[in-house]
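Input: a single structure, listed below in structure tokens.
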Amino acid sequence: MVSQLPNRFLTPEDLVEMFELPSVETIYQWRRKRTGPRGFRVGRHLRFDPEDVRAWVDSLLKEAA
């Protein structure tokens, strides 16, 4: 799943593919609710640092334990 993240900033589409989500809208809902990984804008494009995605997944795993 997220064990091997690319060495580049991730797009919402990358997250949809990695987590097998129904659509990009899920990513934008997470962002509005502040429940997903931390993202940032480059112009009008949303990007995610792979290390922030990893930290977010790790926090979810800790909560589930």
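Straight run, no breaks: the sequence shown in my numbering ends on number 148.
Built from N, CA and C at the ideal position, the CB exists for glycine as well.
Review point. Shortest alpha-carbon distance to TYR111 belongs to which of ALA138, GLY122, ARG91, VAL140?
Key: GLY122
Check your understanding: Rounded to a whole number of angstroms, what is the C-alpha to C-alpha distance between ASP132 and GLU100?
Key -> 16 Å
Point to revise | Unbroken beta strand (DSSP E) run spanning LEU93, endpoints | key: Element bounds for LEU93: n/a, residue is neither H nor E.
Review point. From this set, TRP113, GLU96, GLU103, which residue's C-alpha is nearest TRP139's C-alpha?
Key: TRP113
Review point. Are the Cβ atoms of ARG130 and LEU104 separated by less than 8 Å?
Key: no
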